[in-house]
Amino acid sequence: MGSVSTSHDMGLHEEQLGGRTQQRFFSATEEENFIYPWSYEVDYEKTAEFDAADMEITDINLKIRELMKSGHGTITVNNPRAKHSLGVGILNRLNLNFEGSLGYFGCGLTDGANIHISGRVGWSCAENMMAGTVVIEKNAGSLFGAAIRGGDLVCKGQAGARVGIDQKGGTIIVGDSVGAFTGFMMQRGRMIILGDAGDNLGDSMYDGTIYVGGKIASLGVDCVETDMTDLDLRYLRGKLELYGMEAPNGVENLVKLTSGKQLWNYDNLEPTEKKLVL
Amino acid sequence: MCGIAGLIWKGGASSDIGSEMTQMLQALKHRGPDSTGFALYGKPQEGVEVLRFKVAEQEEMATGFDIHRQVIERKAAVDARLEEMGAKITEKEDATEYAFRYHFTFDGDLKRLIDYIEDIDGVEILSVGKALELIKDLGDAAVVSKQYGINGFIGTHAIGHTRMATESDVDIRSAHPYWAYPFNDVSVVHNGQLTNYWTYRRDLERRGHRFVSNCDSELIAVYIADRIDQGDELEAAMARSIGELDGVFTYLVATSDQLGMAKDVMGAKPMVLYESDEFVGLASEEVAIRSIFPREIDTWDPYQGEVMVWAA
C-alpha cells in the first residue's frame with residue numbers, strides 16, 4: 006500500500022459492526038459454497054428425454070425437478086411450443102436442452118445450469134441468472150438477460166429492445182442486431198453485440214462494458230466510446246470462440262463503450278462517515 | 229395487458245380464418261379474459277354491404293327494464309330507417325338476441341345512413357363493409373366464437389383481440405376491434421395505453437368524427453380513418469401515428485385487402501411475427517401462432533417504431 010488516505014488515518018475503515026451479522030461470506034476454499042444445500046446430486050452421463058407438447062407449464066417444470074431428483078444430469082425437453090416460464094428457478098448443476106422455442110420468462114432465476122435452446126425465446130429470457138450458460142440458436146425477444154448477475158447468455162440471432170437492462174454481471178452475447186435501450190442502467194458485466202444496436206444504447210449506464218460490431222443508431226446519456234485494450238481483444242476472442250461465433254469484421258473492429266461517469270454523484274463516504282468529517 | 233393477433237393469407241388464398249383466429253385468441257386468453265373481438269374479412273359480394281350492429285349491451289339484457297320488448301322495437305326502428313333511406317335488405321340473420329347481421333344494397337351516402345341508424349337510442353353499428361364482419365362480445369374466444377358461429381368463416385385475413393379492461397368498462401362498446409367509422413372495411417385492434425387520448429379526441433370530434441366509447445384504443449381507429457379521409461395511404465397514416473400518438477402501443481389495422489402492424493418508439497408492447505411465402509401471422513405471444521402452426525417455425529419481434537403492411 007502506498008499512500009494512505011485521511012479516512013484511514015481517522016480509523017474509519019476499522020469500524021466494527023454491532024450485533025451478529027446475518028451475512029455469510031464466500032470462501033473459495035470451502036467446497037460447500039459451490040452448491041446449494043438443497044441441490045440434487047446429478048450425473049451428466051445419465052440422460053432423460055420427454056415430450057412437453059401436451060403438458061402444462063407447471064407440470065413441465067416439476068418433471069424437470071423430478072428428473073434431477075432421480076439423478077439425471079442431462080435432460081432434453083421436446084416440443085416446448087413457445088410455452089411461458091419453462092426451465093425457471095433451476096439452482097443446480099444440469100445440462101438442459103429445449104428442442105424448440107420458449108415463450109416469455111424462459112430460464113429465469115437459474116444458478117448453475119447449462120441450458121441450450123434450439124429455437125427462439127420470447128421476452129425476459131434468463132432474467133436474473135446468477136451463473137451457468139444459456140445458449141439460444143435463433144432470435145430472442147425484448148428484455149433479454151434483464152438484471153443478470155453472472156453466467157453467459159448467448160443469442161445467435163437477433164434480440165429485441167432493452168437487452169441487458171440493469172445487467173449486474175456476466176456476459177450477454179447477441180449474434181445479430183438489438184433494439185432500443187440496450188444496456189439501459191447497466192451496472193456491471195459485459196455485452197457483446199455483433200450486429201447493429203438501436204437507439205439510446207447504454208443509456209444511463211453506471212458501469213460495465215458494451216462491445217458493438219454493427220451500426221449504432223444512437224448512444225444514450227453518458228455512454229462513451231473508449232479504447233480497446235489487448236485484454237479486451239483476448240477476452241473477446243476467447244468468448245466468441247467458445248460459442249462458435251465470429252465478429253463480422255474481426256474483434257479489432259468492434260466498438261467499445263463504457264460509462265462516462267458524468268452522471269456519478271456519489272459521495273466517497275457513507276452518510277455516517279460524512280458526519281464525522283464535517 | 230390485452231392480447232392481439234392478426235393473420236393474412238397472401239396471394240388471395242382463403243382459409244377457415246374463423247377457426248384460426250378463434251384458436252389464436254384462445255391461446256392468448258390469459259392476457260385478458262374480459263371480452264373477445266374478431267374482425268374477419270370474407271369474400272366480398274359485388275354491391276352488397278354487410279352490416280353488423282347491436283341494439284343492447286349484455287348488462288342491459290340482464291337487468292334492463294322491459295329490455296326484451298325494447299330490443300324488438302329498436303331492431304324494428306333500424307329496419308324502418310334502412311328502408312326510409314332507400315337501402316334494400318337482402319338477408320337478415322340474428323347472431324344473438326341483441327346483435328344482428330344484415331346484407332343490404334344501397335347507393336346513397338353511407339355515412340348519412342349510418343348516422344341515421346345510430347341516432348336510435350341503444351343502437352350501435354359494429355361494422356359496415358363489403359368484406360369486413362366485426363364481432364365482439366364478453367367472454368373468451370371459445371365462448372364468443374360459439375355464440376356467433378364464427379368457426380368455418382372463410383376469408384383472407386383477420387385481426388382479433390382479447391381484452392383486459394384497464395382504462396374503461398367491461399362492455400361490448402369498449403371491446404375491440406374498432407371499426408374506423410365511416411370507412412368501409414377498416415378495423416383496428418390495440419394493446420397498450422394512449423396518453424394524449426383526450427387531446428386528439430377533442431380535435432377529431434371537432435372535425436365531426438364519432439366516438440362510441442371512452443376506450444383509448446378507439447382513438448387509433450378514428451385517427452386512421454381521419455388520415456385516410458385526408459388522402460393518406462394506410463402505411464403513411466400508420467407511420468405518422470407513431471410520431472403523433474403518445475403512449476405505449478402495438479396495434480394492427482386491417483382494410484379490405486391489407487394488414488398492417490405498428491409499434492411505438494419504446495417497443496414497450498410485445499409482438500411476435502411469423503412470415504412465410506403464403507402466410508403472415510402476428511400475435512402478442514408466440515403461443516398464439518403455434519396454436520395454428522404446431523411445428524417449429526422461425527419467428528422474430530419487429531423493432532420499436534416499425535410499421536409493416538402486407539397485402540392479401
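Protein chains in written order, with our numbering: chain A, 6 to 283; chain B, 229 to 540. For glycine and all other residues, C-beta sits at the position ideal for the given N, C-alpha and C. Just so you know, these numbers come straight off a predicted model, no measurement behind them.
Please report the straight-line C-alpha distance between residue i and residue j, rounded to a whole angstrom.
| i | j | result |
| --- | --- | --- |
| residue 534 of chain B | residue 385 of chain B | 21 Å |
| residue 263 of chain A | residue 207 of chain A | 8 Å |
| residue 312 of chain B | residue 337 of chain B | 13 Å |
| residue 205 of chain A | residue 170 of chain A | 12 Å |
| residue 242 of chain B | residue 192 of chain A | 52 Å |
| residue 235 of chain B | residue 347 of chain B | 34 Å |
| residue 377 of chain B | residue 323 of chain B | 8 Å |
| residue 278 of chain B | residue 124 of chain A | 43 Å |
| residue 529 of chain B | residue 498 of chain B | 8 Å |
| residue 379 of chain B | residue 246 of chain B | 5 Å |
| residue 261 of chain A | residue 495 of chain B | 25 Å |
| residue 520 of chain B | residue 252 of chain B | 7 Å |
| residue 431 of chain B | residue 438 of chain B | 11 Å |
| residue 229 of chain B | residue 120 of chain A | 30 Å |
| residue 80 of chain A | residue 64 of chain A | 15 Å |
| residue 185 of chain A | residue 532 of chain B | 7 Å |
| residue 172 of chain A | residue 214 of chain A | 10 Å |
| residue 459 of chain B | residue 340 of chain B | 20 Å |
| residue 402 of chain B | residue 441 of chain B | 6 Å |
Over what stretch of residues does the alpha helix (DSSP H) that includes residue i continue unbroken?
| i | result |
| --- | --- |
| residue 426 of chain B | 425-434 |
| residue 471 of chain B | 462-472 |
| residue 77 of chain A | Per DSSP, residue 77 of chain A belongs to no alpha helix (DSSP H); it is in the beta strand (DSSP E), 77-83. |
| residue 68 of chain A | 62-74 |
| residue 299 of chain B | 295-312 |
| residue 244 of chain A | 235-247 |
| residue 246 of chain B | 245-255 |
| residue 344 of chain B | 338-346 |
Are the Cβ atoms of residue i and residue j separated by less than 7 Å?
| i | j | result |
| --- | --- | --- |
| residue 388 of chain B | residue 266 of chain B | yes |
| residue 166 of chain A | residue 150 of chain A | no |
| residue 426 of chain B | residue 362 of chain B | no |
| residue 514 of chain B | residue 180 of chain A | no |
| residue 227 of chain A | residue 268 of chain A | yes |
| residue 452 of chain B | residue 465 of chain B | yes |
| residue 202 of chain A | residue 229 of chain A | no |
| residue 326 of chain B | residue 284 of chain B | yes |
| residue 264 of chain B | residue 368 of chain B | yes |
| residue 359 of chain B | residue 479 of chain B | no |
| residue 233 of chain B | residue 516 of chain B | yes |
If you follow the beta strand (DSSP E) that residue i is part of, which residue opens it and which one closes it?
| i | result |
| --- | --- |
| residue 488 of chain B | 486-491 |
| residue 536 of chain B | 535-539 |
| residue 196 of chain A | 193-198 |
| residue 114 of chain A | That residue, residue 114 of chain A, is in no beta strand (DSSP E); it is neither H nor E in DSSP. |
| residue 268 of chain B | 263-269 |
| residue 482 of chain B | 475-482 |
| residue 448 of chain B | Premise fails: residue 448 of chain B lies in the alpha helix (DSSP H), 446-457, not in any beta strand (DSSP E). |
| residue 216 of chain A | 214-217 |
| residue 384 of chain B | Residue 384 of chain B -> no beta strand (DSSP E), and no H or E assigned at all. |
| residue 320 of chain B | 316-322 |
| residue 421 of chain B | 415-422 |
With a CB to CB cut of under 6 Å and the five nearest residues on each side skipped, what residues in its chain are close to residue i?
| i | result |
| --- | --- |
| residue 197 of chain A | 178 and 216 |
| residue 371 of chain B | none |
| residue 84 of chain A | 56, 57, 58 and 105 |
| residue 525 of chain B | 502 |
| residue 41 of chain A | 96 |
| residue 393 of chain B | 262 |
| residue 174 of chain A | 154, 155, 193 and 194 |
Less than 7 Å between C-beta atoms, sequence neighbours within five positions excluded: which residues of the same chain meet that for residue i?
| i | result |
| --- | --- |
| residue 47 of chain A | 73, 76, 77, 78, 97, 98 and 99 |
| residue 423 of chain B | 474 and 475 |
Is it the case that the CB of residue i approaches a heavy atom of the ligand MG more closely than 6 Å?
| i | result |
| --- | --- |
| residue 446 of chain B | Absence of the ligand MG from the depicted structure is noted, as is the absence of any ligand whatsoever, leaving it without description. |
Between residue i and the rest of its own chain, which residues show a CB-CB distance below 8 Å, the 5 nearest in sequence each way excluded?
| i | result |
| --- | --- |
| residue 349 of chain B | 302 |
| residue 250 of chain A | 159, 161, 178, 180 and 199 |
| residue 92 of chain A | 66, 69, 82, 101, 103, 107, 111, 112, 115, 118 and 120 |
| residue 244 of chain B | 379, 380, 381 and 382 |
Short of 7 Å Cβ to Cβ, which residues in the region 134-166 of chain A face chain B?
Under the 7 Å Cβ criterion, the region 134-166 of chain A contributes 143, 144, 146, 147, 163, 165 and 166.
Along the region 506-530 of chain B, what residues have a CB closer than 7 Å to any CB found in chain A?
Taking 7 Å as the Cβ-Cβ cut-off against chain A, the residues of the region 506-530 of chain B that qualify are 513, 514, 515, 518, 522, 524, 526, 527, 528 and 529.
Could you list the residues in the region 99-115 of chain A with a C-beta less than 8 Å from some C-beta on chain B, going in chain order?
Cβ contacts with chain B come from 105, 106, 108 and 109.
Interface positions of the region 87-98 of chain A facing chain B (Cβ-Cβ less than 7 Å), listed along the chain:
For the region 87-98 of chain A, the set of residues with a beta-carbon nearer than 7 Å to any beta-carbon of chain B comprises 87 and 88, in chain order.
For the region 191-203 of chain A, enumerate the residues whose C-beta is nearer than 7 Å to any C-beta of chain B, in chain order.
Look at the region 191-203 of chain A: the residues with a C-beta under 7 Å from a C-beta of chain B are 203.
Give, in chain order, every residue of the region 481-499 of chain B whose Cβ lies closer than 9 Å to some Cβ of chain A.
If the cut-off is 9 Å between Cβ atoms, the region 481-499 of chain B has 493, 494, 495, 496 and 498 near chain A.
Residues of the region 245-276 of chain B with Cβ closer than 7 Å to any Cβ of chain A, in chain order:
From the region 245-276 of chain B, no residue has a Cβ closer than 7 Å to chain A.
Residues of the region 55-78 of chain A with a CB closer than 8 Å to any CB of chain B: list them in chain order, please.
Flagged, chain order: 58.
In the region 238-268 of chain A, which residues sit with their C-beta less than 8 Å from some C-beta in chain B, listed in chain order?
Listed by position, the residues of the region 238-268 of chain A near chain B (Cβ gap below 8 Å) amount to none.
For the region 214-240 of chain A, which residues have a beta carbon sitting closer than 7 Å to at least one beta carbon of chain B?
Interface annotation for the region 214-240 of chain A against chain B: empty, criterion Cβ-Cβ distance under 7 Å.
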